[in-house]
Amino acid sequence: MREPEPKEPPMRIVISLLLYCLLSVLPAPTPAATGEGDNVRIGVLARRGFDQAVVQWGPTVDYLNETLPGSRFELVPLDFNELHQAVRDGKVDFFLSNPAYFVDLEYNHGVRSIATLLNSRLNKATAEFGGVIFCRTDRQDIQQLDDIKNKRFMAVDPRSYGGWLTARYHLLTKGIIPDRDCRSMEYGGTHDAVVYAVHEGKVDAGTVRSDTLERMAQEGKIRLEDFRVLDPQKPKGSFPFQLSTALHPEWPMASLPHVDGNLIKRVTVALLQMPADSRAARAATAEGWTVGLNYQPVHDCLRALRMPPYTDYGKITWQQALRKQWPLMAGLLLILLLTIGFSFRLKGLNRQLSQTLDQLDDELQQRREAEAALSNFKQTLDQVHDCVFMFDSETLRFIYANQGAMKQIGYSPEELATMTPVDVKPRFTDDSFRRLLEPLLRGEQDSTTFITDHRRKDGELVPVEVMLQYVKPDDTGRFVAVIRDINERLKAEKEKEKLQAQLLQSQKLESVGRLAAGIAHEINTPIQFISSNVDFLSDSFQSLAKVLDQLRAALEGPEGTPPDLTPTRTALAEADWDYLAGEVPLAIQQSKNGLERVSSIVLAMKEFSHPGGKEKVPANLNRIVETTVTVARNEWKYVADVTTELAPDLPMVPCLTDEMGQVILNMLVNAAHAIDAKLGSNPEGVKGAIHISTRALADGVELRLSDSGTGIPQAIRDRIFEPFFTTKEVGRGTGQGLAICHDVVVEKHGGTLAVTSEEGVGSTFIITLPLQQPASEVTA
């Protein structure tokens, strides 16, 4: 009850991925566990210890976190009892276990399989396994299963699913019960030990998991020709190992009933798309995952063997049956007696009829199976909303289209049979479309995905995403195209961009509001100085006015009479002319300087708060730095001295000026807060240091902002750019500042944002911006 599983042929993997991608658009209920915000807990049956479980399955959880960034997955290793309790209490959302334990949980708690492991065995991928019953080749007395009666028989372990239960079930179907019919029934503990025991004659026959003999032969431990497989099976498909029993599915990934359907679909598609050479696949000794198989064979096996969850299956005493069902049993007895009477008469006719029906069944069975498989496949494709096309690799003419395709473009099957993809893709010509197909035909690419428009029969253009793949199931190759209408997705992306812009503007207005008091204080100081100087100039003018009045009176005396300047000299002495002559020009100059300071603050605030356009324009990054330092002065002046080292030859940078100013403000305020946290109460008034520098690079520019604050602990350094992550106390941070910085620099400008930090010493944030913005991706 503990083996992972084999592989599948590549074509089966392709078909599985195709079907699940199509099915992923079907609507699903929305239960509690959606994967948004809360952790998604994945339990795993740690049959070889918790540490081994983390080594084997931890990379799979890492893969899901990387592939589905909107959710946070967490691995929870559990033993048999803990996993059962966690599923019962809903404390995990998904889990991994062996098939027998999954069936127990499926029976008792309604879990369901969403994917089956593609186990890697001897470089072969298979999603099923079974048991092989064998003896030594030189044992002429053991040729078939019945020959093991009265012989010594060995299995791996009473609970080993591949190493005993599959074979035990198979023997039971053949009427053989080893505990009753064999001379002795022993257990080797490991698969290899059973093989060695048979080879060395310690037992007469044994059973192990289906790939064990091939593996030991490849490792040079045995020779396959020394062993004979009893009751060899040839299952449908291309199962690569010797087999005596029916095939049983490998380890499943299962979901609990409370998990949201959309999350299940996203996890399922991610698992089906796991690359065979990925770290997650290698750690699990697998080549990825396939569509969840049918685990009914496991139910049948455990039910027949009366093992959990079927330990008490069918148990009822004859007294209970008689007491509860005596009318029914009396009726059945009567019917039985009547049936026996008629059976003698009908026996001869039934024999003849049976022979005729058997012949007809044999002739029609293969045709029915083929028609049913084809019909089911087409019905499945016709029920999905995405378009599925197949077209010839040479003529490009359509050879198949599902109902979703015909509904989207409005053409009938007869009309499509005369058309090619170029007829419904106005952006392509025949030559340009064939150039797109060439890498697929040459085998340079497995598939290609692009965005284009579909032109409906009525002329309407529909934006679509096309996934194109070249397949060759027989001698004739063809292309399969899965096409999805992305009109709603494009609208959602535009709405997302709008909301992001609103969020940025909201934070900017919040910053302006937060800075307003500090700016008012910065303006108030020079205004008060100017006011004092104006009062001084007013008083001085009153004194000088008296001097001028005395002088005018002296000059307006009788003609021919010398002016009497004595009053003028007295007024001039009272005004203290020597003092005024030195102080008045100084007061005027100081007032002019104060007005210039007020003007620079107002201009910087105007530039910072002015909303920028939606398009990038060449901008002076040095000027953005200077403006931001000015408007934020009240945030840092009490805790730090800010120095700048701005390259005078810095080229103009294409950017969104208002958003880049917000980035510098966020980092500057964070630096001031980090220094403030380090200084504490700071009664001595010690100040930290913030240094901002810019320099030109070969193909871009670099901005560095360093502080002497607390530094960033190593444990959280990788999370500082996550939305809503903050270490500040309530009221000093929302966790959005650095997340917005990362979005603006990396996503909107194609630049980089990195950080170096040492706890207790400080941090340096490094921004690089390209001089040439990458061209938008051209879609066909």
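Read in order, the letters of the sequence shown are residues -10 to 769 in the numbering used here.
Ideal Cβ placement from N, Cα and C applies to all residues, glycine included.
Every value quoted in this text rests on a predicted model; they were computed, and no experiment measured them.
Opening and closing residue of the beta strand (DSSP E) in which residue i lies
i, result
"glycine 689", "689 to 696"
"histidine 73", "Where histidine 73 is concerned, there is no enclosing beta strand (DSSP E), although the alpha helix (DSSP H) it sits in stretches over 69 to 78."
"tyrosine 176", "173 to 176"
"alanine 194", "194 to 198"
"leucine 202", "Counting along the chain, leucine 202 falls outside any beta strand (DSSP E), though it belongs to the alpha helix (DSSP H) covering 201 to 207."
"methionine 242", "241 to 244"
"methionine 143", "141 to 144"
"alanine 666", "Alanine 666 -> not in any beta strand (DSSP E); alpha helix (DSSP H) instead, spanning 646 to 668."
"leucine 742", "741 to 747"
For residue i, the residue or residues it bridges with in DSSP
i, result
"alanine 678", "Asp630"
"phenylalanine 468", "Phe380 and Tyr459"
"leucine 758", "Val690"
"glycine 99", "According to DSSP, glycine 99 bridges with nothing at all."
"tryptophan 278", "Leu106"
"cysteine 124", "Ala194 and Arg217"
"lysine 113", "Arg110"
"valine 735", "In the DSSP output, where bridge partners are listed per residue, valine 735 has none listed."
"glutamate 454", "Ile440 and Arg473"
"glutamate 63", "Arg30"
"serine 227", "None; serine 227 has no bridge partner."
"alanine 685", "Val690"
Residue i and residue j closer than 9 Å at C-beta
i, j, result
"threonine 105", "leucine 282", "yes"
"alanine 35", "proline 66", "yes"
"valine 449", "isoleucine 472", "Per the sequence shown, residue 449 should be read as glutamate rather than valine. No, these two residues do not count as a Cβ contact at 9 Å."
"valine 413", "histidine 374", "no"
"serine 109", "alanine 275", "yes"
"leucine 252", "aspartate 78", "no"
"leucine 219", "leucine 321", "no"
"glycine 195", "isoleucine 131", "no"
"threonine 646", "isoleucine 679", "no"
"proline 637", "alanine 608", "no"
"phenylalanine 439", "threonine 409", "no"
"leucine 261", "threonine 279", "yes"
"arginine 198", "glycine 250", "no"
"aspartate 181", "lysine 210", "yes"
"leucine 154", "methionine 263", "no"
Residue burial classification, residue i (beta-carbon count within 10 angstroms, cutoff 16)
i, result
"cysteine 10", "Residue confidence for cysteine 10 is low, a pLDDT of 45 falling below 50, so the modelled location carries little weight; the figure read from the coordinates is stated next. Buried, since its Cβ has 16 or more Cβ neighbours within 10 Å."
"leucine 758", "buried"
"glutamate 117", "buried"
"valine 675", "exposed"
"proline 462", "exposed"
"methionine 318", "exposed"
"proline 415", "exposed"
"arginine 684", "exposed"
"glutamate 214", "exposed"
"arginine 794", "There is no way to answer for residue 794, as the model of the chain reaches only from -10 to 769."
"leucine 686", "exposed"
"histidine 247", "exposed"
"phenylalanine 468", "buried"
"threonine 633", "exposed"
"glycine 749", "exposed"
"tryptophan 315", "exposed"
"glutamine 231", "buried"
"lysine 446", "exposed"
Extent of the continuous alpha helix (DSSP H) to which residue i belongs
i, result
"isoleucine 398", "392 to 398"
"tryptophan 625", "622 to 625"
"serine 233", "Where serine 233 is concerned, there is no enclosing alpha helix (DSSP H), given that its DSSP letter is neither H nor E."
"histidine 180", "180 to 188"
"asparagine 54", "39 to 56"
"threonine 300", "Element bounds for threonine 300: n/a, residue is neither H nor E."
"threonine 257", "250 to 261"
"phenylalanine 84", "No alpha helix (DSSP H) contains phenylalanine 84, which is instead part of the beta strand (DSSP E) from 83 to 85."
heavy atom of the ligand GTP below 8 Å from residue i C-beta
i, result
"leucine 692", "In terms of ligand content, the structure shown is empty, and the ligand GTP therefore cannot be addressed."
Min CB distance residue i to chain D below 9 Å
i, result
"alanine 35", "You won't find chain D in this structure, because it holds only one protein chain."
Touch check for the region 288 to 307 and the region 166 to 177: three-plus C-beta pairs under 8 Å? Pairwise C-beta distances place the region 288 to 307 out of contact with the region 166 to 177, as fewer than three of them are shorter than 8 Å.
Taking contact to mean at least 3 C-beta pairs separated by less than 8 Å, is the region 98 to 116 in contact with the region 238 to 247? yes
If contact is defined by three or more beta carbon pairs under 8 Å, each pair taking one atom from either stretch, is the region 668 to 675 in contact with the region 735 to 746? no
Does the count of Cβ pairs from the region 120 to 132 and the region 275 to 295 closer than 8 Å reach three? no
Per the contact definition of three or more C-beta pairs closer than 8 Å, is the region 201 to 216 in contact with the region 88 to 98? no
Three or more beta-carbon pairs under 8 Å between the region 334 to 348 and the region 422 to 440, yes or no? no
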